[in-house]
Structures are given as structure tokens and as C-alpha cells.
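Colleague: Protein chains in written order, with my numbering: chain Y, 1 to 383; chain L, 1001 to 1333. By construction, the Cβ of each residue, glycine as well, lies at the ideal position given by its N, Cα and C atoms.
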Ligand code: SF4
Ligand code: SF4
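What follows is the structure, given as C-alpha cells:
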């Protein structure tokens, strides 16, 4: 089967998954302006940006020859759970009758359908092999995430601008070629050395700035839609950590509840200080991570959300309050197809300046969120 | 003791229930009144700028309520029908209010409504916090709820008999009740199903009184509240999976019901600026109307929509329906 999938974050992992199941993989192209335009053109106007981007990606993957698109249905009370059906609807109305969209819903919703899907993508590969390879993939994700976290700690201090990013690209290429667990561990060690050999400058602990990135999963994980925010921050000399890494996501969502790391439950508990019940999407986690980052000594938070994202609007409503009570500056950035990179850069730079001043004790100010300022300036009535 | 019930969101559906409940318990109930420019401005200023209009309006009503009463009622709707939920903003409503309305902390009364299957939301479990905060006995609460439920069921039966929400609310307030069924308009030239959440259709800042305007054009009105829940769901049976939001399902299900109803000539989907769930509801309604071959249009009012422009659009739509109907009748189909 010529298989493709949505583009989000570490796509080499999904590619590996289907290679392990002996499919022909049609790599979806990294989203560009064209992807966005296609997605916007064929999606309902008021759908959220991830739905549109994924729509665009599907269309581009189909152009490249994909016949089967595989995605997760998503659970929980938000639109993500309905992406699959909306996409299917649109594909059908565009006349792509020969393209199949396989949607994986949470197994407990419908065991039979889930099993049918599994059988379809298992592609006849014998079970022992599948299990063995899935375990390799699990470790693969873990190692890749570890390296990425290193990248985010090295990039801000590199001496030769751009070197870390270059090494990171090489690492991803190397990982792309991995076939067995043995290879994985070997490549991992090599890559680690590569990263550690990047020349960096000494920076005093008190001059280091750390920013946590929180928010909705797609815009946090996919760099083409958040303008490569981690790189931007790294180049500004800021260490970054995301609230979400694929490995943790797998542990939080696919591993049985009892075996999940305690971390997840703790984050939820922290988040419930401000949002009392789970409301869908990642809102409670977002709040939990803000508090967690603060407790771990981070200097500031960037909150990414798709424009008009339902649960994240609840988070956004609480940001001024949280920022004040928890005492940490938070910059909230809604992203949609009209967001310009230049505008985004200016806001991020201003934010980093503020963090530096704050660290040096020049200002005690907690960031007044820009979205708030906008609202105040314009006093717009949008009805 | 005064408690304000914000005249927004599900007020339009549950007011008779809550009003009765609080009165029975000895509260003075303050209705924050229909949305006006002042309330709207207050809400828009306090709320985050990108949030949907209904939440901004609700926020304005809460601020109004805090000025006029000791407490404001801000229920947290999580679920009334398993396995569905409410829009995340309903689920986080008290959190949103605490985050954006200064001085609301400690003065909003927020029971959690999380029911397996109970649209009538009158179980004592939900309102237990009233006994904790105000010291009522469980017996008092139970008796008040019993009364409230009776009133609500009577209100609902008016809806099912064809009264629109605003008229049924009036029947409740004036205690004219079933007498008002005489006022249901049945003699219009065409019939239109006006589909949308109650807080969109009946808030004049969101819908510009679309129902009154249509009635003035000699149109009979159908709305989703007139379709009993089980019938609405019956019509959703062929979907692989339902929407996540109960009221979205009811709107969609009612839409599908009306598509099959030969009396209904066309559909209008009323939606608010910035509504997420409606992106999907609208898409499905459009798709299904195309298949059924019934005219469909979307009404979304924003700050640029002039009243004149809207009337022109509605007139064009109604004229088209009338022409179509006339053609059908004269061909004897
Ligand atoms: S969480 Fe946000 S982005 Fe995701 S489906 Fe819901 S509204 Fe869309
Ligand atoms: S359903 Fe739509 S209009 Fe209602 S609160 Fe949610 S986003 Fe706003």
C-alpha cells in the first residue's frame, strides 16, 4: 500500500513505523505556504489551523501518489476527534474515491473497528516481527527525543551560528536509515558525540534564559507552522523545552494508565488549580506545564495556540491571572494562516529582552500579554 | 439574598428551571435582561479578544450581574448525555470568568453538571453546593427541584408543540402557558428551519432578530428545540460517530429531520462569530442539504453586517423559496 500520514513533528518516526510494516511510504512534504493555501481552500473557513494544514498535506501526499492515509481519530471533546470524518468528506467531494483514509480511534470506543484497522496496516507482517519492531520504534522515539533535548540546550551557546541545526539535520538523516535496535544504539552514541563536540561558549548560570513552550499539540510540535520557534529562540541565546515530546505523548496516551509515569498525573493535578475539570484538547496540561516550568526554574513561557482553539482560549483567559499569581511572564501567540513571521519575531524578541531584564533585576514586571494590550487598544467589539 | 442569572448562553433554555429553583429556595432572582450595547462592551473588554461572541456576551452579563446581585449563577456544563460533552468553553466557563472578571472569585455559584443522561438537569446531586454554601437542607433543595422540574417539563412541552424559545419564555413569565400555543404562526407562505444554538438565535446582537424578520416576511418558523431529543438523535444514526457536543448534535439532528420534512422549504444556519463547533455542524448541514436538494444558507453576523444588508439577503432567500414552491405547486408535484 502506498501509505502517507499527516505531517507533525518528528515525521521520520511515522515513516519508520510504516517501513517496519513493509509499506511503501509516500513521505508527505514538509508543509509550506502552498500546503497551507490548499488546506485553506478546501477546508471549512472556521476550522482550526491544524485541520487545514493536515488537509493540505493530504492533498500534496495524494499528488505524490499516496493511496492510503493513516491518522489518529483523537479522543476527547474537541474538533480533533472529528478531523478524520471532515477530511474524508472533503476528499470524497473532491472526487478522490480511490484514496482510503484510515482513522484510528481510541480502541475502547470501538474495538472491532480498531482491530480491523490494525489488521489493515499490519499488512500481513507476522506478529512476533511486529512486536519486536514496535519495541525498536519505541526506543527509536526515545533516543531521538533525548537528542533533540540536547540540541535545545546546546544551540543557544554555539559559537558557529547554525552549526547545531546542521548537526541536528544530519542526525535525523542518520536515524532515517536505522533498521535494527543494535544500529539504533550505535547511531545514538555517535550522534551524541557529534552534538557534544559542537564548540560552545561558557555562559554563567545566572545569565542563562530558559523558556518553556506550551500549548496545543500540533502548533507546539510542528515547526513549519510555528515558524521554527525553537530555532528562533535558540538563536536568541535561549534554552527551550517543549511541554510535549513524542515519547512522552506515547507514554501518556498509548501506554496503559497504570503503567504511565507519575509525571503526567502530576501535571494534570497542577493544571487543575486553575481549570477544575478536563475540558478537552490540552488546556489543563498547558496550565500544569506552566506551573511545572516555573517550579523548575524557567524564566518565561511561550503559549502557542491555533487561532480560536476552543480549549486554549480557556487557558488564554486565565493567563493574566496565572502569570501574576505564579509570577512568570507568559507570551501567548495565536497562530493562523494570516500570522506573519516578522510580526511574530518582533514579539518574541521583545519578550526575550524582557526576560533578560527581569533576570538582571532591572524590572519586576510580569509581562502584560500582548493579546490583552491589543484588546485594550482597539476595544474592538467583534460580534 | 439576590442571585443573578446571566441572560446569555443556556439561559434561553433553562431559565424557567433555574428561576423556579432559586425562587423556591427564597432567593430574589435578578435577570440581567436582554443584551444591550453596554453589556456587550463590558464583556468584550474583559474577555480575551479572540473568543467567540457568545462568551463575550456572557461575560458582560456576569459583570452586570455582579453589580446588581450578591451572587451570579455560572454553571459548569460538562455533560448531559453520555458519551458527549459540551463545548470546552462551557466546561471551563467558571474558570474563564475567574480569569477575566475581577471580583468574581467567591461570588459565582458554579455547580458542575455532569450527568449520564439527563437533559432536565434537575437532580439534587448537581445542586448540592447550594446546601453547602447557603445551608439549605437537602429536603428543601429536593422540594425546590421537584417544582423546578415540573415547570421545566411544561416549558419543554411548549417547545415541542411548536413555540420558539423566546415565546415559550414569555409564556412562562406571563404564566399564560398553553394559551400561547394559539400564537404559533402556521399560515405563512413558506416554512424555514432556523437552526442554531438558542443563545445565537435569540440574542439580537448575534442574530439581529432573524426570527422576527422572517415572520414579518410571512414565513413559518421551525427550530431545533421543537424536535424532541430522541428524534433528533434518531436522525443521526447513520453517522459513523456523533459530534462531541450535545447541542451541536441536536442542531444537526434536527436539521436532518427537517430535510426530510416535506413542509420545510429551506434551512438557515445561524452561527456566531468565532464558534468552533459550528465549523463542523455547518459543513455537515451544507453537505446534507445539497444531497437532499433543499436550499441552505448560513447567517453569521459580524460588526460589518448592516441591518439593511441582512434584510436584503433574507428577502432574497425567502423569495427564492417562494418561487420554488410556486413552481412545484403549479407543476402539481
Ligand atoms: S484543541 Fe484546538 S486545534 Fe485541536 S481540535 Fe480543538 S480547537 Fe482545534
Ligand atoms: S459552541 Fe461555539 S458559540 Fe458556543 S461557546 Fe462554544 S465556541 Fe462559543
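(1) With hydrogens ignored, establish whether the beta-carbon of residue 218/Y is closer than 7 Å to any heavy atom of ligand 2.
(2) How many angstroms separate the CA atom of residue 240/Y from the CA atom of residue 153/Y?
(3) Below 7 Å on C-beta distance, what does residue 334/Y contact in chain L?
(4) Please return the same chain residues whose Cβ sits closer than 6 Å to the Cβ of residue 1/Y, not counting the five positions on each side in sequence.
(5) Less than 8 Å separating the beta-carbons of residue 121/Y and residue 21/Y?
(6) Roughly how far, in whole angstroms, is the beta-carbon of residue 73/Y from the beta-carbon of residue 53/Y, given that I think they are within contact range, below 8 Å?
(7) Let me check you understand the geometry: is the CB of residue 1081/L closer than 7 Å to at least one non-hydrogen atom of ligand 2?
(8) Please name the residue, chosen from 244/Y, 275/Y, 277/Y and 278/Y, that lies closest to residue 263/Y on a Cα-to-Cα basis.
(9) Got a sec: which bits of the stretch 233 to 244 of chain Y sit with their beta carbon under 7 Å from any beta carbon on chain L, in order along the chain?
(10) Identify the contact partners of residue 1063/L in chain Y, using a Cβ-Cβ distance below 9 Å as the criterion.
(11) Counting contacts by CB-CB distance shorter than 8 Å, is residue 212/Y in contact with chain L?
(12) Does the beta carbon of residue 280/Y come closer than 8 Å to any beta carbon on chain L?
(13) Heavy atom of ligand 2 less than 7 Å from the Cβ of residue 1205/L, yes or no?
(14) If we define contact as Cβ-Cβ less than 8 Å, is residue 371/Y a contact residue for chain L?
(15) Nearest by alpha-carbon distance to residue 271/Y: which of 206/Y, 337/Y and 322/Y is it?
(16) What residues of chain Y sit near residue 1280/L, judged by a beta carbon separation below 8 Å?
(17) In whole angstroms, what separates the C-alpha of residue 347/Y from that of residue 156/Y?
(18) Below 7 Å CB to CB, which residues in the same chain sit around residue 1238/L once its five sequence neighbours on both sides are set aside?
(19) For my contact list, residue 1075/L and residue 1110/L are in at a C-beta cut-off of 8 Å; report their separation, rounded to the angstrom.
(20) Quick check: the Cα distance between residue 242/Y and residue 327/Y, rounded to an integer number of angstroms?
(21) From residue 6/Y to residue 55/Y, what distance separates their C-alpha atoms?
(22) Does any heavy atom of ligand 2 sit closer than 7 Å to the C-beta of residue 1276/L?
(23) Give the single residue among 1032/L, 1057/L, 1035/L and 1003/L whose Cα lies nearest to the Cα of residue 1044/L.
(24) Can you round the beta-carbon distance between residue 1184/L and residue 1194/L to whole angstroms, since I take them to be within the 8 Å contact cut?
(25) Excluding five sequence neighbours on each side, which residues of the same chain lie with their C-beta closer than 7 Å to the C-beta of residue 1023/L?
(26) When the Cα of residue 1038/L is compared with those of 1131/L, 1067/L, 1159/L and 1060/L, which residue comes out closest?
(27) Beta-carbon within less than 7 Å of residue 8/Y's beta-carbon, same chain only, minus the 5 sequence neighbours each way: which residues are those?
(28) Confirm the yes/no value for this check: CB of residue 310/Y, any heavy atom of ligand 2, distance under 7 Å.
(29) If we call anything under 8 Å between Cβ atoms a contact, is residue 1301/L one with residue 1207/L?
(30) Of all the options 1149/L, 1154/L, 1124/L and 1151/L, which has the alpha carbon lying nearest to the alpha carbon of residue 1142/L?
(31) Just checking, does the stretch 1240 to 1259 of chain L make contact with the stretch 1268 to 1284 of chain L on the three C-beta pairs under 8 Å criterion?
(32) Quick one: which chain Y residues come within Cβ less than 7 Å of residue 1209/L?
(33) Quick one: residues in its chain with C-beta nearer than 6 Å to the C-beta of residue 1091/L, no 5 flanking neighbours on either side, listed in chain order?
(34) Listed in chain order, which residues of the stretch 1074 to 1100 of chain L have Cβ atoms closer than 9 Å to some Cβ of chain Y?
(35) How would you call residue 1094/L, buried or exposed, if buried means at least 16 neighbouring beta carbons within 10 angstroms?
(36) For ligand 2, any of its heavy atoms closer than 7 Å to the Cβ of residue 120/Y?
Modeller: With the given structure in hand:
(1) Start at 1 with the first residue of the first chain, and residue 218/Y comes out as number 218. In this structure, residue 218/Y has its beta carbon at no less than 7 Å from each heavy atom of ligand 2.
(2) For this step, residue 240/Y is matched to residue 240 along the first chain. For this step, residue 153/Y is matched to residue 153 along the first chain. For residue 240/Y and residue 153/Y, the distance between alpha carbons rounds to 7 Å.
(3) Sequence index remark: in the first chain, residue 334/Y carries index 334 (1-based). Neighbours of residue 334/Y in chain L, taken as residues whose beta carbon is under 7 Å from its own, are 1050 in chain order.
(4) Position 1 of the first chain holds residue 1/Y. Closer than 6 Å at the Cβ level, and outside the excluded window around residue 1/Y, lie 23 and 68.
(5) By one-based count along the first chain, residue 121/Y stands at place 121. By one-based count along the first chain, residue 21/Y stands at place 21. For residue 121/Y and residue 21/Y, yes; Cβs fall inside 8 Å.
(6) Here residue 73/Y corresponds to residue number 73 of the first chain, with the count starting at 1. Here residue 53/Y corresponds to residue number 53 of the first chain, with the count starting at 1. Their Cβ separation, rounded to whole angstroms, is 17 Å, which puts residue 73/Y and residue 53/Y out of contact at 8 Å.
(7) As a working mapping, residue 1081/L is identified with position 81 in the second chain. No.
(8) Residue 263/Y sits at position 263 when you count from the first residue of the first chain. In this structure, 244/Y is the residue among 244/Y, 275/Y, 277/Y and 278/Y with its C-alpha nearest to the C-alpha of residue 263/Y.
(9) Look at the stretch 233 to 244 of chain Y: it has no residue with a C-beta under 7 Å from a C-beta of chain L.
(10) Reading the second chain from its first residue, position 63 is the one you call residue 1063/L. Here the premise fails: no neighbours, minimum Cβ distance about 14 Å.
(11) The count along the first chain starts at 1 and reaches residue 212/Y at position 212. Not closer than 8 Å to any Cβ of chain L, the Cβ of residue 212/Y fails to qualify, so no.
(12) Working through the first chain from its first residue, we reach residue 280/Y at position 280. Proximity of residue 280/Y to chain L, defined by a Cβ-Cβ separation below 8 Å, is satisfied.
(13) Along the second chain, read from residue 1 onward, the residue named residue 1205/L stands at position 205. Checking every heavy atom of ligand 2 against the Cβ of residue 1205/L, none is found closer than 7 Å.
(14) Residue mapping note: residue 371/Y aligns to position 371 of the first chain, counting from 1. The pLDDT assigned to residue 371/Y is 42, lower than 50, so where the model puts this residue is not dependable; a value taken from the coordinates is nonetheless given after this. Among the residues facing chain L, residue 371/Y is included, as its CB has a counterpart in that chain under 8 Å away.
(15) Numbered from its first residue, the first chain carries residue 271/Y at position 271. Cα-wise, what sits closest to residue 271/Y is 322/Y.
(16) For the purposes of this step, residue 1280/L is identified with residue 280 of the second chain, where counting begins at 1. Listed by position along chain Y, the residues whose Cβ is nearer than 8 Å to that of residue 1280/L are 44, 47, 79, 82 and 86.
(17) Residue numbering aside, residue 347/Y sits at position 347 when the first chain is read from its first letter. Residue numbering aside, residue 156/Y sits at position 156 when the first chain is read from its first letter. One Cα belongs to residue 347/Y, the other to residue 156/Y, and the distance between them is close to 19 Å.
(18) The residue labelled residue 1238/L in the question sits at position 238 within the second chain. Hits under 7 Å: none found.
(19) What you label residue 1075/L is simply residue 75 of the second chain in a count that begins at 1. What you label residue 1110/L is simply residue 110 of the second chain in a count that begins at 1. In this structure residue 1075/L touches residue 1110/L by the C-beta definition: roughly 6 Å separates them, less than 8 Å.
(20) The sequence position of residue 242/Y within the first chain is 242, counting from 1. The sequence position of residue 327/Y within the first chain is 327, counting from 1. Answer to the nearest angstrom: the Cα atoms are 20 Å apart.
(21) Against the first chain, residue 6/Y aligns to sequence position 6. Against the first chain, residue 55/Y aligns to sequence position 55. Rounded to the nearest angstrom, the gap between the Cα atoms of residue 6/Y and residue 55/Y is 8 Å.
(22) By one-based count along the second chain, residue 1276/L stands at place 276. Yes.
(23) The count along the second chain starts at 1 and reaches residue 1044/L at position 44. For the residues 1032/L, 1057/L, 1035/L and 1003/L, the minimum Cα distance to residue 1044/L belongs to 1057/L.
(24) The residue labelled residue 1184/L in the question sits at position 184 within the second chain. The residue labelled residue 1194/L in the question sits at position 194 within the second chain. Here residue 1184/L is actually not in contact with residue 1194/L; their C-beta atoms are around 14 Å apart, not less than 8 Å.
(25) Within the second chain, numbered from 1, the residue matching residue 1023/L stands at position 23. Leaving aside the five residues that flank residue 1023/L on each side, the residues in its chain whose CB is nearer than 7 Å to its CB run, in chain order, 1029.
(26) Residue numbering aside, residue 1038/L sits at position 38 when the second chain is read from its first letter. Of the listed residues, the one whose Cα sits closest to residue 1038/L is 1060/L.
(27) Numbered from its first residue, the first chain carries residue 8/Y at position 8. Closer than 7 Å at the Cβ level, and outside the excluded window around residue 8/Y, lie 218, 221 and 222.
(28) As a first step, residue 310/Y is located in the first chain; it is residue number 310 there, counting from the start. It does: the Cβ of residue 310/Y is within 7 Å (strictly closer) of some heavy atom of ligand 2.
(29) If you number the second chain from 1, residue 1301/L lands on position 301. If you number the second chain from 1, residue 1207/L lands on position 207. Their beta carbons are under 8 Å apart, which means residue 1301/L touches residue 1207/L by this criterion.
(30) Mapped onto the second chain, residue 1142/L falls at position 142. Among 1149/L, 1154/L, 1124/L and 1151/L, the Cα nearest to that of residue 1142/L belongs to 1124/L.
(31) Contact holds: three or more Cβ-Cβ distances are below 8 Å.
(32) Along the second chain, read from residue 1 onward, the residue named residue 1209/L stands at position 209. Ordered by position in chain Y, no residue passes the 7 Å Cβ test against residue 1209/L, which lies about 14 Å from the chain.
(33) By 1-based counting over the second chain, the position of residue 1091/L is 91. The answer, listed in chain order, is 1078.
(34) Here the close residues are 1076, 1078, 1079, 1083, 1084, 1085, 1086, 1087, 1088, 1089, 1090, 1091, 1092, 1093, 1094, 1095, 1096, 1097, 1098, 1099 and 1100.
(35) Numbered from 1 along the second chain, position 94 holds the residue referred to as residue 1094/L. By the 10 Å Cβ count, residue 1094/L comes out buried.
(36) Here residue 120/Y refers to the residue found at position 120 when the first chain is read from its first residue. With a cut-off of 7 Å, the C-beta of residue 120/Y is classified as distant from ligand 2, since no heavy atom of the ligand falls inside that distance.
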